[in-house]
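In what follows, a structure is listed as structure tokens, so that the remarks can point back to it.
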Amino acid sequence: MKKTKTQFLTQAAMIAAFYVVITVALAPISFGEIQFRVSEALTILPVFTPAAIPGLFLGCLIANMLGKGIILLDIVIGSFATLIGAIGTYSIRKHKKLAPLPPIIANALLVPFVIKYGYGAPLPIPVLMVTVGIGEILSCGVLGIIVMRALEKTNIFSSTTSSK
2 MKKTKTQFLT QAAMIAAFYV VITVALAPIS FGEIQFRVSE ALTILPVFTP AAIPGLFLGC
62 LIANMLGKGI ILLDIVIGSF ATLIGAIGTY SIRKHKKLAP LPPIIANALL VPFVIKYGYG
122 APLPIPVLMV TVGIGEILSC GVLGIIVMRA LEKTNIFSST TSSK
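Per the working numbering, the sequence shown runs over residues 2 to 165.
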């Protein structure tokens, strides 16, 4: 079955909403020098639907705008890192075991510069890359794989899966 524009927009909006709710509900661990953004587990969704790309980007953008004390640089660069990760995940969707890598890499490379130069964190960039990278590995790599395996057992994205 071919996906309609309405299905695409609905999926993107729902993914964005889930991302925002999870991030804001867990705000104390979603922001800062050492962060564990549980909502990043959703970055696995481009394996199942291209609607996840705008959904994740908009969700991250909105969540970052709602974050307490978040600066414009963080809103833009953090959201852009999630967009790059989502596009990367979609581009390697046939290699599901590698799907968490693009968002882990994008965030570990970009977000530390925002933390250092936007917020003036005293930690050096390589240390921030490690702290952000660990958080991303836990959320994208561990939780994301759990989400992917759970979704593979459902038909929720059956009309939009990349294998059809």
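For each residue, glycine too, the CB sits at the ideal point set by N, CA and C.
| query | Quick one, which of LYS154, VAL128, THR50, PRO104 has its alpha-carbon nearest VAL39's? | reply | PRO104
| query | If you run the structure through DSSP and keep just helix, strand and coil, what is PRO123? | reply | coil
| message | Between THR83, LEU67, MET15, which has its C-alpha nearest LEU110's C-alpha? | response | Nearest in C-alpha terms to LEU110, of all of THR83, LEU67, MET15, is THR83.
| field | alpha helix (DSSP H) segment containing ARG1, residue limits | value | A query on residue 1 cannot be resolved here, the shown segment of the chain reaching from 2 to 165 and no further.
| request: Taking PRO47 and THR90 to be in contact with their CB atoms under 8 Å, please state how far apart those CB atoms are, rounded to whole angstroms. | output: 4 Å
| beta strand (DSSP E) runs contained entirely in the region 11-54, provided each spans 3 or more residues | none
| query | Since PHE81 is in the alpha helix (DSSP H), which residue starts that stretch and which ends it? | reply | It spans 73-92 - the alpha helix (DSSP H) in which PHE81 sits, taken as one unbroken run.
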